[in-house]
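Enquirer: Residue numbers for the sequence shown follow the working numbering, so the first one is 15 and each next one is one higher.
The structure under discussion is supplied below as structure tokens; questions concerning it will follow.
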Amino acid sequence: MALTALAIVVAAAQLATAAELHRVVLGGITAGVYPGAVVIVGRRDSLLVARGYGHVTWSTSSRVPSPDSTLYDLASLTKVVATAPALMRLVEAGKIRLNDAVQRYLSEFVGEGKQDVTVAHLLYHTSGLRAFLPLNERSADSAGASRLVLEEPLRRRPGARAEYSDLNAILLGWIIERASGRPLDQFALTDLFQPLGMTETRYRLPRVLRDRAAPVGVWRGTPVGGVVHDQNAARLGGVAGHAGLFSTGLDLARFAQFLLDSGRAADCSPVLHPETVALFSSRAGGNRSLGFEMDDTTTADNSGVRLSRLAFGHTGFTGTSLWIDPERDLFVIVLTNRVYAPKASRSITRLKEIRGRIADAAAEIVEQQDGAPRAPRRC
């Protein structure tokens, strides 16, 4: 399907719910949570909502965010848009096995107990590594930062309990590079983004594209965008398994539809096997799968209360989120630059609430549509 719709494409019965979704998004701007946003709601074969709100800065003379052209720093969405699917590709190719020790790929990953850490432990965030390490403060360059990650001791026995950690994803990025024999950004580009038609998705934006990026800060009074916000990713050269990716709303819609369609690209060509998509997106105890967060139906934060228990996704520190519900055939994308400094309250609690209300409205739109005729499956 050509993703060209940039506005509401819903029946009359759904307009009231869509209007409520708009009010929720605009309310976040009024409250100072973010200066603008791109919101996309869709299914495997269509877009129901795809539009921009507010502006890319707090100045009303700045650009209105666009689903097809505004580039957002995805932050931790990098983990699920680049790192996890790249691993899926290599697992299918037999170049990575989930139960292999990390040391099979990274011999430098040494220390007490580290011989027991597997690739799956990294994906489940049960490796025993600490949650965060300020690489930018403790190292002068990429090589020094890499040594810090590889030499970081375990805090607990692998598999004992989950602790979300960027270090896990950083290591996964290096495993991808060792197993594929190519840099992470190049492998993701040729083996994922190009086959999926994600032409606007990349690491390390060239200068010619940076003006299209939603700013994430201010330097000497000038909005700054297009350079990675995550300082650890910056210290690692801008390409890392945990952060560094930039993309547009419509490219993320292509990605979501690829997963909803069991690993098929828009032209129906298979990029992943359905079994691989199911393996990596199925709940494995608690609220995690292999690389994705799973919907927590007990709280309204981030994914609301109306998505199914099969829903999976992720969020990013800069104000980004993606949720995919295979049971409802639904995806919800919310892209903001909440870390933009001037005036923003940066309330992550309020942003979680807003994202949850958007997800609930999206689920209601789909429920209202389910009684209407649907186009046949395109593949």
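Quick reminder that beta carbons are idealized off the backbone N, C-alpha and C, glycines included.
Keep in mind that this is a model prediction, so the values were computed, not measured.
Among T215, E34, N351 and R171, whose alpha-carbon lies nearest the alpha-carbon of L264?
Expert: Taking the first residue of the sequence shown as 1, we reach residue 264 at position 250. Measuring from the Cα of L264, the nearest candidate turns out to be T215.
Enquirer: Measure from the alpha carbon of G231 to the alpha carbon of each residue in R369, L62, V353 and V380, then state which is nearest.
Expert: Walking along the sequence shown from the start, residue 231 turns up at place 217. For G231, the nearest C-alpha among the options comes from V353.
Enquirer: Using 8 Å as the threshold, is the C-beta distance between G330 and L91 below it?
Expert: Here residue 330 refers to the residue found at position 316 when the sequence shown is read from its first residue. Here residue 91 refers to the residue found at position 77 when the sequence shown is read from its first residue. Yes, they are a contact pair.
Enquirer: Quick one: using the 10 Å Cβ neighbour count with 16 as the cut-off for buried, is E191 buried or exposed?
Expert: As a first step, residue 191 is located in the sequence shown; it is residue number 177 there, counting from the start. With 16 or more other Cβ atoms within 10 Å, it is buried.
Enquirer: DSSP has W233 in a bridge; who is on the other side?
Expert: Stepping through the sequence shown from its first residue, residue 233 is reached at position 219. For W233, which the question treats as bridged, DSSP gives the partners T236.
Enquirer: Assign Y86 to one of two classes, buried (16 or more other C-beta atoms within 10 Å of its C-beta) or exposed (fewer than that).
Expert: Position 72 of the sequence shown, counted from the first residue, corresponds to residue 86. With 16 or more other Cβ atoms within 10 Å, it is buried.
Enquirer: Alpha carbon to alpha carbon, what distance is there between S80 and R297?
Expert: As a position in the sequence shown, residue 297 is number 283, starting the count at 1. As a position in the sequence shown, residue 80 is number 66, starting the count at 1. So the two alpha carbons sit approximately 33 Å from each other.
Enquirer: Around the Cβ of A270, are there at least 16 other Cβ atoms within 10 angstroms (buried) or fewer (exposed)?
Expert: Locating residue 270 in the sequence shown gives position 256, counting from the first residue. With 16 or more Cβ atoms within 10 Å of its Cβ, A270 is classed as buried.
Enquirer: Please state the DSSP three-state secondary structure of A30.
Expert: Along the sequence shown, one-based indexing puts residue 30 at 16. The answer is helix: DSSP assigns A30 an H, G or I state.
Enquirer: Since I believe M102 is in contact with F417 (beta carbons under 8 Å), could you give me their beta-carbon distance rounded to a whole number of angstroms?
Expert: Examination of residue 417 is not possible in this model, given that the chain is present from 15 through 393 alone.
Enquirer: From the DSSP output, read off the bridge partner residues of D339.
Expert: Taking the first residue of the sequence shown as position 1, residue 339 is located at position 325. DSSP, once it has assigned bridges, lists L344 as partnering D339.
Enquirer: Starting from V291 and walking both ways along the alpha helix (DSSP H), at which residues does that stretch end?
Expert: Reading the sequence shown from its first residue, position 277 is the one you call residue 291. Segment P288 to F294, the alpha helix (DSSP H) holding V291.
Enquirer: Using only alpha-carbon positions, find the residue among V380, R371, V291 and R364 that is nearest to G46.
Expert: Your numbering for residue 46 matches position 32 in the sequence shown. Ranking V380, R371, V291 and R364 by Cα distance to G46 puts R364 first.
Enquirer: Using CA coordinates, which residue listed in I110, V95 and A159 is at the minimum distance from F272?
Expert: Here the question's residue 272 lines up with position 258 in the sequence shown. When each option's Cα is compared against that of F272, the closest is V95.
Enquirer: Mind checking whether D114 and P172 have CB atoms under 8 Å apart?
Expert: Locating residue 114 in the sequence shown gives position 100, where the first residue counts as 1. Locating residue 172 in the sequence shown gives position 158, where the first residue counts as 1. For D114 and P172, no; Cβs fall outside 8 Å.
Enquirer: List the whole-angstrom C-beta distance separating V53 from L62, where the pair is believed to meet the contact cut-off of C-beta under 8 Å.
Expert: As a working note, residue 53 is residue 39 in the sequence shown. As a working note, residue 62 is residue 48 in the sequence shown. With a Cβ gap of about 11 Å, V53 and L62 do not count as contacting.
Enquirer: A280: which of G327, G211 and P197 sits nearest, CA to CA?
Expert: Residue 280 sits at position 266 when you count from the first residue of the sequence shown. Minimum Cα distance to A280 is reached at G211.
Enquirer: Out of I347, N182 and A325, point me to the one whose CA is closest to D339's CA.
Expert: Residue numbering aside, residue 339 sits at position 325 when the sequence shown is read from its first letter. Taking only the C-alpha atoms, the option nearest D339 is A325.
Enquirer: Give the list of continuous beta strand (DSSP E) stretches no shorter than 3 residues that lie fully inside the segment 59-124.
Expert: The qualifying runs are 60-68.
Enquirer: Whole angstroms are fine: how far does the CA of L223 sit from the CA of G239?
Expert: In the sequence shown, counting from the first residue as 1, residue 239 sits at position 225. In the sequence shown, counting from the first residue as 1, residue 223 sits at position 209. C-alpha separation (whole angstroms): 10 Å.
Enquirer: My output table needs one value for E378: the three-state DSSP class, helix, strand or coil.
Expert: Stepping through the sequence shown from its first residue, residue 378 is reached at position 364. If DSSP states are grouped into helix, strand and coil, E378 belongs with the helices.
Enquirer: Across which residues does DSSP place L259 in a beta bridge pair?
Expert: Against the sequence shown, residue 259 aligns to sequence position 245. Y217, per the DSSP bridge assignment.
Enquirer: Measure from the C-beta of D343 to each C-beta in chain D and report whether the shortest distance is under 8 Å.
Expert: The structure shown has no chain D; it contains just one protein chain.
Enquirer: Flag this pair as touching only if the segment 139-147 and the segment 166-184 have three or more C-beta atom pairs under 8 Å; answer yes or no.
Expert: The segment 139-147 is in contact with the segment 166-184.
Enquirer: With a CB to CB cut of under 6 Å and the five nearest residues on each side skipped, what residues in its chain are close to E381?
Expert: In the sequence shown, counting from the first residue as 1, residue 381 sits at position 367. Excluding positions up to five away in sequence, the list is empty.
Enquirer: Could you tell me which residues DSSP puts in a beta bridge with F331?
Expert: Within the sequence shown, the letter at position 317 stands for residue 331. Answer by DSSP bridge pairing: none, since F331 is not bridged.
Enquirer: Smallest Cα separation from D205: which of K128, L104 and I189?
Expert: Walking along the sequence shown from the start, residue 205 turns up at place 191. Nearest of K128, L104 and I189 to D205, Cα basis: L104.
Enquirer: Between which residues of its own chain and A51 is the CB-CB distance below 6 Å, once the five residues before and five after are set aside?
Expert: In the sequence shown, counting from the first residue as 1, residue 51 sits at position 37. Only V39, Y67 and T350 meet the Cβ criterion.
Enquirer: Identify the continuous beta strand (DSSP E) that holds A159 and give its terminal residues.
Expert: The count along the sequence shown starts at 1 and reaches residue 159 at position 145. A159 -> not in any beta strand (DSSP E); alpha helix (DSSP H) instead, spanning S156 to E165.
Enquirer: Along the chain, where does the beta strand (DSSP E) containing A51 start, and where does it finish?
Expert: If you number the sequence shown from 1, residue 51 lands on position 37. Looking at the DSSP string, the run of the beta strand (DSSP E) that includes A51 is G50 to R57.
Enquirer: Buried or exposed: which applies to A148, given that a residue is buried once 16 or more other Cβ atoms fall within 10 Å of its Cβ?
Expert: Within the sequence shown, the letter at position 134 stands for residue 148. According to the sequence shown, residue 148 is Pro rather than Ala. P148 comes out exposed.
Enquirer: Does the Cβ of T71 have 16 or more other Cβ atoms within 10 Å, making it buried, or fewer, making it exposed?
Expert: Walking along the sequence shown from the start, residue 71 turns up at place 57. It counts as buried.
Enquirer: Skipping 5 residues on each side, what residues in its chain have a beta carbon closer than 7 Å to that of S156?
Expert: As a first step, residue 156 is located in the sequence shown; it is residue number 142 there, counting from the start. Answer for S156: R249, L250 and G251, listed in chain order.
Enquirer: Counting beta carbon pairs with one atom in the segment 276-292 and one in the segment 369-377, are three or more of them shorter than 8 Å?
Expert: As far as the Cβ criterion goes, the segment 369-377 does not touch the segment 276-292, which means the pair count is below three.
Enquirer: Taking buried to mean at least 16 other C-beta atoms within 10 Å of its own C-beta, is L88 buried or exposed?
Expert: Counting from one through the sequence shown, the residue named residue 88 turns up at place 74. Buried: at least 16 other Cβ atoms inside 10 Å.
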